[in-house]
Each structure stands twice: as C-alpha cells, then as structure tokens.
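Asker: In this note's numbering, the protein residues as written are 16 to 136.
Ideal placement from N, C-alpha and C gives every residue a C-beta, glycine not left out.
Quick look at the structure:
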C-alpha cells in the first residue's frame with residue numbers, strides 16, 4: 016500500500032492522485048498496521064512522530080514557492096526545468112512536485128495523528 020501511495024503521489028500532477036490522495040493511502044496503511052499488530056507497533060513502524068511529518072510537510076510545501084521568487088515570478092508559480100540524461104532521455108522537474116510532496120507529508124502526519132490518537136483510547 017505504501018508503494019502504491021508513492022506512485023499515486025508522483026503521477027498526480029497529470030492524472031487523478033497527488034499528495035492528498037497518496038497521503039490518505041499511506042495513512043490507511045498505517046491504520047491497517049495498527050489494527051493488525053497494535054498501536055505500539057504502528058508507532059514503531061512510522062519511525063517519527065506525526066508532528067514532525069506535519070512540520071516538515073509544511074516547510075517543503077512553502078519552500079516549493081521559493082523557486083518562483085528566485086526567478087522573479089509570483090510566489091507559488093510553477094517552475095519547470097529539464098534534466099538531460101544519457102542519449103535522448105530527459106526528466107521534466109517542477110516545483111509542483113515539491114508542493115505535492117509537502118501535502119503528502121502533512122496529510123500522512125495529520126491523519127496518522129488522528130488515527131493513532133483514536134486507537135489508543
């Protein structure tokens with residue numbers, strides 16, 4: 016489920032998916048882990064406190080807007096570049112991907128915090 020959530024995260028710019036849907040899928044995987052093995056095991060599997068995921072996600076999402084400011088554009092304007100690889104291969108990189116990663120981290124953090132808090136009671 017976690018691998019599929021990463022796939023949904025990265026293909027979400029052009030097709031349905033993105034950071035929100037991928038984050039919900041990752042948190043659902045954690046919820047299933049908590050149901051199957053207990054809350055303590057789910058917290059160990061997460062490896063970080065959900066608060067840190069929320070904070071780092073907000074930081075990554077806000078930092079994605081800095082690239083547009085550096086190019087003299089309005090904050091959060093999508094910026095794109097190309098990375099040439101061997102032969103005729105190239106990868107298109109964009110700041111919206113960083114924003115989606117930030118949203119993914121925030122959604123995983125908030126949803127995990129809610130799920131684990133409810134499961135502990």
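Work out the CA separation of residue 122 and residue 98 for me, nearest whole Å.
Answerer: Taking the straight line from one Cα to the other gives about 29 Å.
Asker: Under a three-way DSSP split, which group does residue 97 fall into?
Answerer: It is a strand residue.
Asker: Taking the runs of the alpha helix (DSSP H) that are 4 residues or longer, which of them lie wholly in the segment 39–83?
Answerer: If we require 4 residues or more, the alpha helix (DSSP H) runs fully inside the segment 39–83 come out as 54–61, 65–78.
Asker: Between which two residues does the beta strand (DSSP E) harbouring residue 32 extend?
Answerer: Premise fails: residue 32 is in no beta strand (DSSP E) and is neither H nor E.
Asker: Tell me residue 105's beta-bridge partners as DSSP assigns them.
Answerer: For residue 105, which the question treats as bridged, DSSP gives the partners 99.
Asker: According to the Cβ coordinates, are residue 102 and residue 91 closer than 8 Å?
Answerer: No, the pair does not count as a contact, with Cβ atoms beyond the cut-off.
Asker: CB-CB under 8 Å to residue 23, same chain, minus the five flanking residues each way: which ones, in chain order?
Answerer: The answer, listed in chain order, is 32, 33, 36, 37, 40.
Asker: Pull up the distance between the alpha-carbon of residue 87 and that of residue 94, whole angstroms please.
Answerer: Rounded to the nearest angstrom, the two C-alpha atoms are 11 Å apart.
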